[in-house]
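Take a look at the structure set out below.
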């Protein structure tokens with residue numbers, strides 16, 4: 001079982017790795033995806049060409065890509081802020097659902113107010129709902145040291161059931177009482193819509209602008225403030241943090257709540273920019289939260305890079321919707337995302353190790 | 368007597384708990400070797416979709432097709448697990464991220480759904496589902512019969528596996544070596560145990576068992592292919608290993624408890640007992656959280672804890 005190759009720790013990190021590794025990862029993912037496509041009787045080149053065409057190649061396509069990219073940007077930011085403290089929050093999905101619930105509530109309750117007030121309350125309620133949902137995980141982790149990976153994930157399922165309950169199994173505040181047959185949520189009035197901002201012929205969703213602002217704030221928080229510094233200390237050395245008097249438990253709860261608030265904001269943007277209704281099924285099949293993990297990993301937890309990665313994955317996802325059909329089966333986008341994540345994870349290894357051929361004879365003597 | 372509601376709840380606990388046990392037992396072996404596998408959900412779904420494909424395309428008598436489908440489901444799970452082992456053992460990547468990528472790659476929105484589309488397996492019901500098997504008329508014994516012996520071959524197999532794994536882990540030399548790899552790979556390496564080999568084998572074995580668990584969903588419970596048919600069972604399986612303190616016997620009991628919880632809604636509904644379905648649906652997930660809270664603190668955690676090197680890549684140079 002001895003592998004012919006071995007890994008040797010790098011003592012220095014050459015400059016080319018910073019751009020070389022992500023680029024190689026992406027190339028690797030495209031090749032692996034090509035193999036999957038080829039093996040299932042598709043032409044990889046034409047599939048990729050159509051993804052580029054429908055995702056990025058026209059201003060119209062790019063505008064739609066930005067709509068898909070907005071929730072990814074938020075969930076990517078949400079995952080990044082938690083991962084940077086070593087908190088593996090994979091509950092972005094459920095936190096985003098709660099954000100849609102909060103934002104839809106505000107959108108319905110304040111529908112007679114001016115648009116600016118409605119948008120502000122939608123943002124606030126989205127963040128509050130998402131943040132509170134994530135804080136449950138943080139409190140459990142801080143008080144009982146439960147594994148946050150599993151608790152955050154379990155709460156995704158609970159949130160999904162709650163979302164279904166509000167629309168399908170109850171006559172809740174969110175459900176449209178006039179919807180017979182297939183129940184739907186109450187539609188928001190036009191003045192609760194988040195308007196796009198046009199630059200040339202590209203429509204930029206308002207939520208995307210909020211995401212960029214949020215990314216800058218997160219960057220500032222983590223790189224320029226005492227809070228961010230302390231988070232960094234906890235992540236790299238919990239003991240040092242304890243000696244320095246940093247209250248790690250309180251930080252766990254705060255960071256989880258912040259992470260959930262960002263995911264919740266993503267939910268608010270999805271309601272405000274795009275759906276204008278609490279769409280229980282639609283938001284669940286999108287898998288925004290899970291994609292956020294891919295965004296964070298590819299962006300190497302940098303909030304500013306997360307925006308660019310989100311646009312890239314948004315394009316992939318948007319092309320997936322546009323092309324869905326016999327030639328472009330559903331599941332392909334998730335497969336490609338997974339492959340990109342694999343190669344990004346595997347590529348990370350190149351920044352730490354160099355690959356060498358195993359010296360089997362010497363090794364044999366030791367074993 | 369046999370329609371007593373308690374008997375039905377217990378019987379469905381065993382019925383719905385069986386796939387959870389297969390997946391959890393697999394995860395248990397993997398974790399005992401020191402590898403954390405968060406890709407169980409993806410491995411179950413890949414096993415499930417491959418088994419449906421096999422069931423629709425392999426010619427032959429029913430039992431032969433069923434056998435082949437189970438083996439192919441196990442093989443598909445093992446294949447995905449081999450990828451995980453490569454990432455975690457050979458490349459020494461972060462095991463959490465590697466496992467998550469497996470689930471995103473293979474999961475409900477990924478490769479399992481892609482294959483289901485390409486192979487067109489969802490359009491018809493399964494021709495050869497895994498049926499209930501009454502071993503030697505045992506199902507007709509009162510009380511015990513309907514609970515334990517009105518089950519499929521996989522349930523009976525799972526009991527054999529449970530006993531074998533307790534013996535393997537705690538009564539054999541290889542099992543001792545496996546546990547030492549999970550506790551302290553440095554020490555294991557020093558006495559000449561091939562750490563990488565143990566981790567590869569038990570990760571792949573874990574994937575195969577997860578694949579069988581997925582097969583149970585697509586060939587017994589539903590039995591038809593639906594994208595994401597396991598609905599989070601893989602994650603519950605991971606929690607079950609913690610719940611069972613990394614012991615197969617306790618994990619089996621936990622699986623039946625969660626199986627009963629999962630099916631409680633259906634059971635009560637069939638008895639026309641009015642209760643909010645959403646709360647019942649959410650119960651297994653809420654219970655998992657509560658169970659984690661209980662076992663994470665207190666004496667249980669100190670006495671029966673996780674393998675010490677769980678989730679830590681082993682780097683020989685840094686011994």
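Residue numbers (the numbering used here), protein chains in the order written: chain E, 1 to 367; chain P, 368 to 686. From the three backbone atoms N, C-alpha and C, an ideal C-beta is built for every residue, glycine too. Note that this is a predicted model, so its numbers are computed, not measured.
In the structure shown, residue 172 (chain E) falls within a coil segment according to DSSP collapsed to helix, strand and coil.
For residue 329 (chain E), the chain P residues whose C-beta falls within less than 7 angstroms of its own C-beta are 481, 484, 485, listed in chain order. When only Cα atoms are considered, residue 79 (chain E) and residue 116 (chain E) end up about 28 angstroms apart. The alpha-carbon of residue 348 (chain E) is positioned some 15 angstroms away from that of residue 12 (chain E).
Proximity of chain E to residue 465 (chain P) at the Cβ level (cut-off 7 angstroms) is accounted for by 345, in chain order. Shown here, residue 618 (chain P) sits in a helix according to DSSP, grouped into three states. Excluding five sequence positions before and after residue 675 (chain P), the CB atoms of its chain that fall closer than 8 angstroms to its own CB belong to 549, 550, 551, given in chain order.
If you look at residue 204 (chain E), you'll find it in the beta strand (DSSP E) that goes 202-204.
Residues of the region 628-645 of chain P with a C-beta atom less than 7 angstroms from some C-beta of chain E are 644, 645, listed in chain order. Residues are counted here when their Cβ sits less than 7 angstroms from a Cβ of chain P; for the region 290-305 of chain E these are 290, 293, 294, 297, given in chain order.
Counting along the chain, the unbroken alpha helix (DSSP H) around residue 532 (chain P) starts and ends at 520-538. Comparing alpha carbon positions, the residue from P:409, P:658, P:633 closest to residue 646 (chain P) is P:633. The three-state secondary structure of residue 229 (chain E), taken from DSSP, is helix. Secondary structure at residue 383 (chain P): helix, using DSSP grouped into helix, strand and coil. Here residue 478 (chain P) is not near residue 406 (chain P), since their CB atoms are 9 angstroms or more apart. In terms of Cα proximity to residue 187 (chain E), the closest of E:195, E:175, E:194 is E:175. Contact check for residue 585 (chain P) against residue 415 (chain P) passes: the beta carbons are separated by less than 9 angstroms. In terms of beta-carbon proximity, residue 614 (chain P) stays away from the interface with chain E, with every pair separated by 9 angstroms or more. The beta carbon of residue 541 (chain P) is closer than 8 angstroms to those of 535 in its chain, skipping five residues each way along the sequence. Taking 9 angstroms as the CB threshold, residue 474 (chain P) lines the interface with chain E. Here residue 581 (chain P) is near residue 390 (chain P), since their CB atoms are less than 9 angstroms apart. Closer than 9 angstroms to the CB of residue 461 (chain P) there is at least one CB belonging to chain E. DSSP, reduced to helix, strand and coil, places residue 8 (chain E) within a strand of the structure shown. Under the three-state reduction of DSSP output, residue 243 (chain E) falls in the helix class. Ranking E:310, E:169, E:333 by CA distance to the CA of residue 211 (chain E) puts E:310 first. For residue 603 (chain P), the enclosing alpha helix (DSSP H) begins and ends at 600-610. Interface criterion not met: the Cβ of residue 198 (chain E) is under 9 angstroms from no Cβ in chain P. The DSSP assignment places complete alpha helix (DSSP H) segments of no fewer than 4 residues inside the region 297-338 of chain E at 303-323, in order along the chain. Looking at the backbone, the Cα of residue 547 (chain P) and that of residue 173 (chain E) are separated by about 56 angstroms.
Collapsing the DSSP output to three states places residue 58 (chain E) in coil. Across the structure, residue 217 (chain E) and residue 301 (chain E) are spaced so that their CA atoms are roughly 14 angstroms apart. Taking a cut-off of 8 angstroms on C-beta distances, the region 582-601 of chain P touches the region 378-395 of chain P, as three or more cross pairs fall below it.
For residue 237 (chain E), no beta strand (DSSP E) encloses it, and the DSSP letter there is neither H nor E.
With the criterion set as a beta carbon lying under 7 angstroms from some beta carbon of chain E, the members of the region 647-661 of chain P are 648, 649, 652, 653, 655, 656, 659, 660, in sequence order. In the three-state reduction of the DSSP assignment, residue 198 (chain E) falls in the strand class, which pools E and B.
For residue 474 (chain P), the three-state secondary structure derived from DSSP is coil.
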